[in-house]
Amino acid sequence: MNPNTTATAPCALPAAALRLRIDPETLGFADTRALVDEPLPWIGQQRAFEAARFGLTMQHPDYHLFVLGEVGSGRASLMRQAMQDAAARRPVPPDLCFLHDFDAPERPRALRLPAGQGRQLRDQMARWSRQLEADIPKRLAAPDVKNESERIHRRYQSDEAQAFSQLAEFARARRFRLVRDEGQMVFTLLGATTHEPLTEADAAALGSAERAAIAQAEQELRAEIVRFLDRTRPLEHARDEALAQLLRQSAGPLLTHGLDEVRQGLRKQIKDGVKLGRWLDQIQREVLDQLALFVPHEGTQADDPLEDERRSQLADLLAMCQVNLAVDNAGLQGAPVVVEDNPQLRNLFGHIQYESGEDAPYADFSDIHAGGLLRAHGGYLMLFLRDLLGDTPLWERLRRFLRCNRLAIEDLAASHGSGATVALQPEGVDVEVKLVLIGSAAEYYVLQEGDEDLAQRFRVKVDFADRFIANADTHYASAVFIARFCAQRGLPHCSAAAVARLLECMHREADDQTRQSARFSSLEALVLECAAQARARGALLADAADVEAALAARRQRHNAPEEELHEAIAEGELLITLEGTRVGQLNALTQIDLGDYRFGFPVRITARTHAGQEGLVNIEREVELSGPIHDKGVLILHSYFSALFGHLAPLALNASIVLEQEYSGIEGDSASCAELYALLSSLSGLPLRQDIAVTGALNQHGEVLPVGGLNEKIEGWFRVCEHAGLTGTQGVLIPARNQRHLMLSPAVVDAVAAGRFHVYAVQHVSEGIALLTGTQAGLTPDEHWEGSVQARAERTLLAYRRAWQAMALGRRGVPRGRGTYPRGL
């Protein structure tokens, strides 16, 4: 066999193999208007669907769900839909109320009532309070009540007047006049003969004996006043008790009747019925004890301070009889579904809202507000892990809640020294809720490794794939998704041709002819932009041309950095050779990822070899511009190279490889094939074609491995060649194992179909070196020909060894002579 033949050189791939084309006729519809009412399954997410269905229906504790997937995969929207479907089949959970505890005001009571009865109790108590405020004053103003009240007062006044008359007589017998002034006892000394109050002059003229007698009399009077008060105090108590009893007898039936209506209005089968009955008994007791607050003070005006205080006290009393309906489930048709997008402590666990008081902040049971966990009781709560991890107190409290499933709203303001007069401690309640935690795969495995206790609470893993195997069913379901999205957003619907092009874009995003991307958020964005193009031309339907226009406009918005690099090549600033051949020089393909835009770009790789013992030097690694994956690729290259020429050991070689004009760092192993080709070219002296760019990794056996970003890399090289002018010989060399990942742009496919550009696929590096040099590779045992690439490289390596041996021998030199040193005598 002639060693200069290219028998092992690969053949170019046909244009049909370079992308998946979807025929609109095979989709089964003319446009998406016909698909709006079609059911929409979980497209390509059957594994996640089964896991979600299992987790949402599992009633045992610690079977919370961890949903992992990339942003835009539909993980949140699909889980919300699944939660709503599961919630519709579950019973409506009870309402949650907070009540004032008259015996322990700082500890409001929590009350669970069947759904709807919380609102009913609240409204009934509000009506009961208004009714009492209107009816009790009327009842207490009734003639029979007033007459009885007056009788009680008269009886007290008669008994009290008789006692005071005796006291006054006692005072007169001792020369004192006793009168009452605004509730105070005032007595005045009288003259012995005139029985008129003594003047200061008369008092000064009194003798010592008389003064002593008067002092004795005053002492006796004071003692008698004390005895008078002791006698009349029971009379006052009896009067007050009689009046209070009168009020109870008169207004009590109104109060009792109203509370009985409240009790009867609620269904008897209430889990917290005893607690509710105890609270109503407290209300009855407190209102009966303070019925006087319902009656205006006699002789006062409406603006009198005493009257203002009475009205304020009455309002406070009735406010304490109300119901704080913290969770109202009256309008639910099933279990609640809560999505907490702002999971702060107050939003998730509830809070107490303080009001400004005259002396200090103030709060009572009515200021208690439920959080997402309480609102989701009996149902589902969705949280995003990233929102929780940044808040250590929130995360720790959630951990504690998951251990006991009991929640008490904490008085956070009081714990931070708010100066509140009373720190509320609401009663804790048991909470049954299914948590759905949204995170990425990386966050999930960090949680599994770093927090075993919490990981045990989330036993259901719902794994959303970022891509899935495509078929006719997934294509149709994706079309239904597009139809519903257009209908929901009021967008122009899409023709079958537009849907086919959109589906091809989903394959392109997955970089796979057999798989679609699961990032439907990207599809939604493209549909929006496609609809904008259709509206701009006044069309009722978006067509494939609108999709192409949207893609072109998007690229125009994002590709400024790419254009700058192309200009640098055109202006000669970046050195890229597009024709001819060079020894030890080759064009490799790289991908630049800007986050919102990816594009491919060529980079020149050069290799130099000479005699020495340093071996292979990766210049990027030496200056710390390469990442670990790139370094690994070079080390694998070194291993394969050593095995290829191991029979010549020891190798006397110094070799250096560099990606020229690369100053910002490089990562990845997709240039390792190109680096090997440049190294073999330098050793063999055979020049490499500069019109073919290379990408591909290799293993230690010389097999070419697939790489990422293939489509962007090929299109980047194509654009460079197209800008300079396609010659018909230009192309790319790619791994054969990457063929199904080809989803090249129509421009590249058309150029290949016209024979102006070529895509070569290789299984082994020997095929690639044969194509690039036009010479038999000889890298495998059955291809070791004289004149092959390997044979030429071996001759060079042997020459290096001889040169190094000669150089080493020269360094040792001639043996030193003797007698050249002066001797002593």
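Every position in the sequence shown, counted from 1, becomes a number in the working numbering once 446 is added.
For every residue, glycine included, the Cβ atom is placed at its ideal position computed from N, Cα and C.
Name the one or two DSSP bridge partners that residue i has.
i     : result
G1046 : Q1037
A556  : F544
V882  : L511, M828
T1027 : R1135
A1053 : I1103
G1273 : Only positions 447 to 1271 of the chain appear in this structure, which leaves residue 1273 out of reach.
S963  : R913
H939  : L987
A1143 : L1151
L624  : F633
D483  : In DSSP, D483 forms no bridge with anything.
K1078 : Beta-bridge pairing links K1078 to no other residue.
D477  : S941
Using only CA atoms, which one of the options lies nearest to residue i?
i     : options                   : result
Q563  : L705, W1250, L542         : L542
P742  : Q759, A1006, E1013        : Q759
Q570  : D581, A776, G836, D706    : D706
R499  : K880, H1147, A1095, A1098 : K880
Q1185 : L883, G1162, Q768, Q1209  : Q1209
I716  : R832, L559, S1234         : L559
L870  : I582, E1060, H815, A887   : H815
G518  : R965, E594, E687          : R965
V527  : V882, R756, A588          : Strictly speaking, residue 527 in this sequence is Gln, with Val absent from that position. Checking every option, the nearest Cα to that of Q527 belongs to V882.
M1253 : H1056, S1191, R618, S1212 : H1056
E1240 : L1099, I928, E1060, Q799  : L1099
L466  : A669, L1094, E1149, Q959  : Q959
Q962  : R983, F931, D1115, D912   : D912
R555  : I582, L481, Q768          : Q768
H703  : L1179, P551, L578, S1130  : L578
Q934  : D957, V973, C951, L1020   : V973
L1081 : V1049, P1096, S1118       : S1118
G818  : Y826, L893, F811          : Y826
E873  : A888, G885, V892, R852    : R852
Could you spell out where the alpha helix (DSSP H) holding residue i opens and where it closes?
i     : result
N851  : That residue, N851, is in no alpha helix (DSSP H); it is neither H nor E in DSSP.
G501  : 492 to 503
G874  : No alpha helix (DSSP H) holds G874; DSSP gives it neither H nor E.
L948  : 942 to 956
R1296 : Residue numbering for the chain in the displayed model covers 447 to 1271; residue 1296 lies beyond these limits and cannot be assessed.
L459  : Taken as a continuous stretch (DSSP letters only), L459 belongs to no alpha helix (DSSP H), as it is neither H nor E.
L1021 : Where L1021 is concerned, there is no enclosing alpha helix (DSSP H), given that its DSSP letter is neither H nor E.
L1217 : 1211 to 1219
W1163 : 1156 to 1170
N593  : 589 to 618
V733  : 719 to 735
A534  : 521 to 534
D837  : Taken as a continuous stretch (DSSP letters only), D837 belongs to no alpha helix (DSSP H), as it is neither H nor E.
D1272 : This structure cannot speak to residue 1272, because the chain is shown only from 447 to 1271.
P1192 : 1192 to 1199
E1232 : Unbroken run through E1232: none, as it is neither H nor E.
A1124 : 1118 to 1130
Taking 8 Å as the threshold (C-beta atoms), are residue j and residue i in contact?
i     : j     : result
S1128 : R1248 : no
L1134 : L1032 : yes
W1231 : G1224 : yes
A532  : L502  : yes
R843  : F795  : yes
I1022 : V1166 : yes
G1177 : F1047 : no
A944  : A990  : yes
T634  : F622  : yes
Y1043 : H1004 : yes
G1142 : S1116 : yes
L829  : E786  : yes
Can you tell me where the beta strand (DSSP E) with residue i in it begins and where it stops?
i     : result
H1204 : 1204 to 1208
Q630  : 630 to 635
I915  : 913 to 915
Taking 7 Å as the cut-off, does the CB of residue i come closer than this to any heavy atom belonging to the ligand PLP?
i    : result
D676 : This structure lacks the ligand PLP, and indeed carries no ligand of any kind.
What alpha helix (DSSP H) runs, 4 residues minimum, are completely inside the segment 756 to 835?
List check, alpha helix (DSSP H) in window: 791 to 795, 818 to 821, 831 to 835.
Which runs of the beta strand (DSSP E) spanning at least 3 residues fall entirely within the segment 965 to 1009, listed in chain order?
none
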